[in-house]
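Participant:
Number of protein chains: 2
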Amino acid sequence: MEGLTKIDDLGKPRVVIVGGGFGGLELAKALAHAPVQVVLIDKQNYHTFQPLLYQVASAGLDEGDIVSPFRKILNEQENFYFRLAEVQSVDPVAQIVETSIGCVRYDYLVLATGATTNYFGDEVMAKNAIAIKSVEDALELRNTVLCNFEQALQLGDMEQLNSLLDFVIVGGGPTGVEIAGALSELRTHVFPKDYREIDFKEMDIHLVQSGPVLLKGMSANASKRALESLEKFGVQVWLDARVKSYDGYTATLNNGQQLVARTLIWAAGVTGAPVQGLDASCLLPGNRYAVDHYNRVRGYENVFAIGDIALMKTDDYPDGHPMVAQPALQQGRRLGKNLHRVLTHRLMEPFHYDDKGAMATIGRNHAVADIKLFGKEYHLDGFIAWLAWSVVHVVSLIGFRNRLMVLLQWTWSYFSYDKGLRYIIGKTKAPLVEADMEEGKAII
Amino acid sequence: MEGLTKIDDLGKPRVVIVGGGFGGLELAKALAHAPVQVVLIDKQNYHTFQPLLYQVASAGLDEGDIVSPFRKILNEQENFYFRLAEVQSVDPVAQIVETSIGCVRYDYLVLATGATTNYFGDEVMAKNAIAIKSVEDALELRNTVLCNFEQALQLGDMEQLNSLLDFVIVGGGPTGVEIAGALSELRTHVFPKDYREIDFKEMDIHLVQSGPVLLKGMSANASKRALESLEKFGVQVWLDARVKSYDGYTATLNNGQQLVARTLIWAAGVTGAPVQGLDASCLLPGNRYAVDHYNRVRGYENVFAIGDIALMKTDDYPDGHPMVAQPALQQGRRLGKNLHRVLTHRLMEPFHYDDKGAMATIGRNHAVADIKLFGKEYHLDGFIAWLAWSVVHVVSLIGFRNRLMVLLQWTWSYFSYDKGLRYIIGKTKAPLVEADMEEGKAII
């Protein structure tokens, strides 16, 4: 392994980072000037800006606008090395990570593997639902929605037709709320022009939330406004309801209600994605590693965890920090400084989370935001919150190119009421519906 | 089939167009105000701007920048109907097209199925080579190139290493020349920054051309300049050479030369993509339909063919028109007018090809163009030709959004020397190379 041996000769300690999400990438950057070799291992060759995946799914953005190849982001950083590989297990005694391309020795190991969709063990659900955790997920959802409508044109039977036009979204968190809003925008402004033969009054969007409010964790005002906006957009919101089962056609709620839909979008929770090989005792419920205030995994000297995969209990956050971008970014930055300190014989400093608040967009001119500034909390909604959300997300994107492209797409979509990327390329979960033959004849 | 029956009630004759390439799409537009129902059938839901596929393959453009969904392009045209389907066969007696979603009756049938990659019956080649005819092809090629380099990092053995770094391009037409130039640009400006551990002097780009000149069909000046530019860019051009066989690893030329490369790009010719059911007598060598000067298929009154699938012999073009965008566009426009004339009881007018010339780009500031204006022919090369090429291609794109996005990407790439879309999403033909274990150990 040319590169890695080459660097070994310099005899610098090696920091191996597993996973290039918000936390892992920020850490790699923070180590730019530390006397270490940084090796990032990820099974993708790009960083994904997850908060905008739902816009890729709803044909508003190209995947290329929200992903950035690691090598492109960091190819100026001399101590950075990337390896495209799947991590199979860790040997903390030999200090080796076993991967699909061989073994990687480490001096310091940082697990930033994030979280994965949690179906709570429901195999059938896992098979039939679509998640929005990866670019592949988002593109599959986009393709599926479009294929559904193309196929609906072949059908006369109303129940069959509705099964293709209706959507069930499980989970009333930001992702669920945002995809529900995006689908309702498409229903109002885009699809009726594309599919003149379909009556879009027949297209139902159901949002199923297990708790009594949407956007749990945000302010009561945010939850209330989000609900009002979604109902204004014609989304059917089911509060205090759970989807008990889904066979790919009928979703049954715990209140007995049955919803017929070929597409169910699962945004109802995530679970940590741990690696093999560490002592079971350090893995807490939710598959997150117990870490101390320095993000060190319980029981290990040189193994750390940051972001969604880490669970740090503090007085302010007895159940750990929210599983969103900010804690991951801040922990990555903090740990970068701390490793630098250790290697220059200084003491590490404990992590303190700076909560900047939370935001969610519902659709055109509608968003909610709880913003924390100088200890004060401000509740915004409507256009001003939507504008704030847009600015924050454009600025947070990686690379000038992506910022420019997203800004342009959004400006374009805003004034044209259009979402242009309605092409079907690649995987789809749409069922192959047989055209009704008696109806099919009518095609002649 | 709601939509189609609805229209039937108006009792307008139905024009069924098979294939939404340059010809089919132009025809559909040209029929906007004709007293007909226009039904376009395509197995994709989008039009592909094929001349820029090679830029998608070389990470310069997003697929979203060069494709446009048919429904988006034509959703204002009231007599337009689209169906996503594969055409299985035609029954010219019953006047029915059999498709994967049922049967479609036609009054006028227009075949615009274009051309497909021609491996001249070499199954092994078809299996191991990558073409650049579709968006899927282009993305697969992009993914394969990037995967090759990621895997090359694992290898010590020089032959194995070179097999991943080297590329063989078969065919010295515009596509072959353009992809060769694009790869050499990546080799010079992009990859060395991304893969500091790889010595890109080891990356060879071979262009194999069966004839004595590149860009056959363009002026001698264009051929000469293209060759000069490519050689300046360090592309190894093999003239009067054929690839006899390729097993996925070694390409053997008819002159005995062997080229070791895991990636072979096939740009060596196309063949028509006819449909089942028409009389064999109307299919000429090259699988193109013999058509008269009105693009009517020989032996049929109401079946037409336009673009690459049509072979119209004229005094100026005894072997038919070149299989490029312009003849297809012009035939689509002409046929649209002619069908309108027939339906309003006027005589059709014969097709006359207005040859505007030809262009090919080799890379940054290097292109060649033979431009025909007012009967005169002008030969351009270098920067001015490159500028002309860029302008013509941006303007030819469909939709303001795509034009703007491509213009921006190009401006950005030009000044940054960067090609940003270097992410691996979806299919790849890259072999799964096992890391050399003795070398692999070195990774530790």
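So the sequence lines, in the order shown, correspond to chains A and B. The numbering of the first sequence is UniProt numbering, which starts it at 1 and goes up by one. The numbering of the second sequence is UniProt numbering, which starts it at 1 and goes up by one. Note that the Cβ used here is the ideal one computed from N, Cα and C, for glycine as well. If you're wondering where the values come from, they're calculated on a predicted model, not measured in any experiment.
Shortest alpha-carbon distance to Leu380 (chain B) belongs to which of B:Met218, B:Thr116 and B:Gly102?
Facilitator: Against the second sequence, residue 380 (chain B) aligns to sequence position 380. Residue B:Met218 is the option with its Cα nearest to Leu380 (chain B).
Participant: Just to make sure I have the definition right: I need the residues of chain A whose C-beta is within less than 8 angstroms of the C-beta of Val135 (chain B). Which are they?
Facilitator: Here residue 135 (chain B) corresponds to residue number 135 of the second sequence, with the count starting at 1. Here the neighbours are Ile425.
Participant: Can you list the residues of chain A that Arg142 (chain B) reaches, using a CB-CB cut of under 9 angstroms?
Facilitator: Here residue 142 (chain B) refers to the residue found at position 142 of the second sequence. Near Arg142 (chain B) there are no residues of chain A at all, since even the closest Cβ is about 11 angstroms away, more than 9 angstroms.
Participant: Would you grab the beta carbon distance between Leu27 (chain A) and Leu335 (chain A) for me? Rounded to a whole angstrom, and I think it's under 8 angstroms.
Facilitator: Stepping through the first sequence from its first residue, residue 27 (chain A) is reached at position 27. Stepping through the first sequence from its first residue, residue 335 (chain A) is reached at position 335. So it is a contact: roughly 6 angstroms between Cβ atoms.
Participant: Flag Leu161 (chain B) as yes when its Cβ comes closer than 7 angstroms to any non-hydrogen atom of the ligand ADP, and as no otherwise.
Facilitator: As for the ligand ADP, it is missing from this structure, which has no ligand bound.
Participant: Do Tyr81 (chain B) and Val15 (chain B) have their CB atoms nearer than 8 angstroms?
Facilitator: Numbered from its first residue, the second sequence carries residue 81 (chain B) at position 81. Numbered from its first residue, the second sequence carries residue 15 (chain B) at position 15. Against a cut-off of 8 angstroms, the Cβ pair of Val15 (chain B) and Tyr81 (chain B) comes out as no contact.
Participant: Take Gly64 (chain A) as the anchor and find which of B:Lys429, B:Lys419, B:Tyr300 and B:Gly24 has the nearest alpha-carbon.
Facilitator: The sequence position of residue 64 (chain A) within the first sequence is 64, counting from 1. Minimum Cα distance to Gly64 (chain A) is reached at B:Lys419.
Participant: Show which residues of chain A have a CB atom less than 9 angstroms away from the CB atom of Tyr46 (chain B).
Facilitator: As a working mapping, residue 46 (chain B) is identified with position 46 in the second sequence. Those are Arg422, Tyr423, Ile424 and Ile425, listed as they occur along chain A.
Participant: Can you find a C-beta in chain B that's less than 8 angstroms from the C-beta of Val204 (chain A)?
Facilitator: Locating residue 204 (chain A) in the first sequence gives position 204, where the first residue counts as 1. It is worth fixing the name first, because residue 204 (chain A) is Asp in this sequence and not Val. By this cut-off, Asp204 (chain A) is not an interface position.
Participant: In whole angstroms, what is the alpha-carbon distance linking Asn402 (chain B) and Leu421 (chain B)?
Facilitator: The residue labelled residue 402 (chain B) in the question sits at position 402 within the second sequence. The residue labelled residue 421 (chain B) in the question sits at position 421 within the second sequence. C-alpha separation (whole angstroms): 16 angstroms.
Participant: Using only alpha-carbon positions, find the residue among A:Tyr414, A:Lys372, A:Glu377 and A:Phe374 that is nearest to Ser390 (chain A).
Facilitator: As a first step, residue 390 (chain A) must be located in the first sequence, where it is residue number 390. Measuring from the Cα of Ser390 (chain A), the nearest candidate turns out to be A:Tyr414.
Participant: Taking the beta carbon of Ala280 (chain A) as the centre, do at least 16 other beta carbons fall within 10 Å, making it buried, or is it exposed?
Facilitator: Along the first sequence, one-based indexing puts residue 280 (chain A) at 280. Burial call: exposed.
Participant: Under the rule that 16 or more other beta-carbon atoms within 10 Å means buried, what is Ile424 (chain B), buried or exposed?
Facilitator: On the second sequence, position 424 is the one that residue 424 (chain B) refers to. So Ile424 (chain B) counts as buried.
Participant: I need the boundaries of the beta strand (DSSP E) containing Asp194 (chain B), first residue and last residue.
Facilitator: Working through the second sequence from its first residue, we reach residue 194 (chain B) at position 194. Careful: Asp194 (chain B) lies outside any beta strand (DSSP E), inside the alpha helix (DSSP H) at Phe191 to Asp194.
Participant: Would the beta-carbon of Val87 (chain B) fall within 8 angstroms of that of Ile17 (chain B)?
Facilitator: Numbered from 1 along the second sequence, position 87 holds the residue referred to as residue 87 (chain B). Numbered from 1 along the second sequence, position 17 holds the residue referred to as residue 17 (chain B). Result no, Cβ atoms of Val87 (chain B) and Ile17 (chain B) do not sit closer than 8 angstroms.
Participant: Would you call the region 204–221 of chain A in contact with the region 158–177 of chain A, where contact means no fewer than 3 C-beta pairs closer than 8 angstroms?
Facilitator: Counting Cβ pairs under 8 angstroms, three or more are found: they touch.
Participant: When you compare the CB positions of Val237 (chain B) and Leu227 (chain B), do they come within less than 8 angstroms of one another, or not?
Facilitator: Position 237 of the second sequence, counted from the start, is the residue given in the question as residue 237 (chain B). Position 227 of the second sequence, counted from the start, is the residue given in the question as residue 227 (chain B). Yes. Within cutoff.
Participant: May I have the straight-line CA-CA distance separating Ser229 (chain B) from Leu155 (chain B), to the nearest angstrom?
Facilitator: Start at 1 with the first residue of the second sequence, and residue 229 (chain B) comes out as number 229. Start at 1 with the first residue of the second sequence, and residue 155 (chain B) comes out as number 155. Their Cα atoms are separated by approximately 32 angstroms.
Participant: Below 8 angstroms between beta carbons: does that hold for Lys313 (chain B) and Gly320 (chain B)?
Facilitator: Working through the second sequence from its first residue, we reach residue 313 (chain B) at position 313. Working through the second sequence from its first residue, we reach residue 320 (chain B) at position 320. Against a cut-off of 8 angstroms, the Cβ pair of Gly320 (chain B) and Lys313 (chain B) comes out as a contact.
Participant: Between the alpha carbons of Tyr300 (chain B) and Gly172 (chain A), how many angstroms are there, rounded?
Facilitator: Residue numbering aside, residue 300 (chain B) sits at position 300 when the second sequence is read from its first letter. Residue numbering aside, residue 172 (chain A) sits at position 172 when the first sequence is read from its first letter. Whole-angstrom Cα-Cα distance: 60 angstroms.
Participant: Along the chain, where does the beta strand (DSSP E) containing Lys244 (chain B) start, and where does it finish?
Facilitator: Counting from one through the second sequence, the residue named residue 244 (chain B) turns up at place 244. First-last of the beta strand (DSSP E) with Lys244 (chain B): Val243 to Tyr246.
Participant: Is the shortest distance between the beta-carbon of Ile444 (chain B) and the beta-carbons of chain A less than 8 angstroms?
Facilitator: In the second sequence, counting from the first residue as 1, residue 444 (chain B) sits at position 444. Only weak support exists for where Ile444 (chain B) lies, its pLDDT of 45 falling under 50; the value from the coordinates is given anyway. So yes, Ile444 (chain B) belongs to the interface.
Participant: Take the Cβ of Tyr378 (chain B) as the centre, count every other Cβ of all protein chains shown within 10 Å, and call the residue buried at 16 or more, exposed below.
Facilitator: Translated into positions along the second sequence, residue 378 (chain B) becomes position 378. Exposed.
Participant: Excluding the five sequence neighbours on either side, which residues of its own chain have a C-beta within less than 7 angstroms of the C-beta of Asp370 (chain B), listed in chain order?
Facilitator: On the second sequence, position 370 is the one that residue 370 (chain B) refers to. Excluding residues within five positions, the ones whose Cβ falls inside 7 angstroms are Met218, Ser219, Ala222, Gly357, Ala358, Glu377 and His379.
Participant: From residue 448 (chain B) to Gly269 (chain B), what does the alpha carbon distance come to, in whole angstroms?
Facilitator: In the structure as shown, chain B begins at 1 and stops at 444. Residue 448 (chain B) is therefore absent and cannot be evaluated.
Participant: Could you name the residues of the region 392–419 of chain A whose beta carbon sits closer than 9 angstroms to any beta carbon of chain B, in the order they occur along the chain?
Facilitator: Against chain B - using a Cβ distance shorter than 9 angstroms - the residues of the region 392–419 of chain A are Gly399, Phe400, Arg401, Asn402, Leu404, Met405, Leu408, Gln409, Trp412, Ser416 and Asp418.
Participant: Output the boundary residues of the alpha helix (DSSP H) element that contains Ser413 (chain A).
Facilitator: For this step, residue 413 (chain A) is matched to residue 413 along the first sequence. Element bounds for Ser413 (chain A): Phe400 to Ser416.
Participant: Using the Cβ count rule (16 or more neighbours within 10 Å means buried), how would you classify Ser416 (chain A)?
Facilitator: Position 416 of the first sequence, counted from the first residue, corresponds to residue 416 (chain A). With fewer than 16 other Cβ atoms within 10 Å, it is exposed.
Participant: For Ala131 (chain B), which option in B:Leu141, B:Pro51 and B:Ala59 has the closest C-alpha, if you only look at C-alpha atoms?
Facilitator: Residue numbering aside, residue 131 (chain B) sits at position 131 when the second sequence is read from its first letter. The shortest C-alpha separation from Ala131 (chain B) is found at B:Leu141.
Participant: Kindly list the residues whose CB is nearer than 7 angstroms to the CB of Gly277 (chain B), restricted to its own chain and excluding five residues on each side of it in sequence; keep chain order.
Facilitator: Residue mapping note: residue 277 (chain B) aligns to position 277 of the second sequence, counting from 1. Closer than 7 angstroms at the Cβ level, and outside the excluded window around Gly277 (chain B), lie Ser89, Val90, Asp91 and Pro92.
Participant: Report yes or no: is there a C-beta of chain A within less than 8 angstroms of the C-beta of Asp194 (chain B)?
Facilitator: Within the second sequence, residue 194 (chain B) is the residue found at index 194, counting from 1. Yes, Asp194 (chain B) counts as interfacial toward chain A.
Participant: Thinking C-alpha only, which one of A:Ile398, A:Arg288, A:Gly399 and A:Ala367 is nearest Trp386 (chain A)?
Facilitator: Position 386 of the first sequence, counting from 1, holds the residue named residue 386 (chain A). Comparing Cα-Cα distances from Trp386 (chain A) to each of A:Ile398, A:Arg288, A:Gly399 and A:Ala367, the minimum goes to A:Ala367.
Participant: What three-state label does DSSP hand Gln44 (chain A) in the structure shown?
Facilitator: As a working note, residue 44 (chain A) is residue 44 in the first sequence. It is coil, neither helix nor strand.
Participant: Of all the options B:Asp354, B:Gly382 and B:Glu349, which has the alpha carbon lying nearest to the alpha carbon of Asn365 (chain B)?
Facilitator: Here residue 365 (chain B) corresponds to residue number 365 of the second sequence, with the count starting at 1. Among B:Asp354, B:Gly382 and B:Glu349, the Cα nearest to that of Asn365 (chain B) belongs to B:Gly382.
Participant: Measure the beta-carbon distance from Tyr54 (chain A) to Ala182 (chain A) and round it to whole angstroms, keeping in mind my assumption that it falls under 8 angstroms.
Facilitator: Within the first sequence, the letter at position 54 stands for residue 54 (chain A). Within the first sequence, the letter at position 182 stands for residue 182 (chain A). The Cβ separation is near 6 angstroms, so the contact holds.
Participant: Please list the residues of the region 141–160 of chain B that have a C-beta atom closer than 7 angstroms to any C-beta atom in chain A, keeping them in chain order.
Facilitator: Cβ contacts with chain A: Leu146, Glu150, Leu153 and Gln154.
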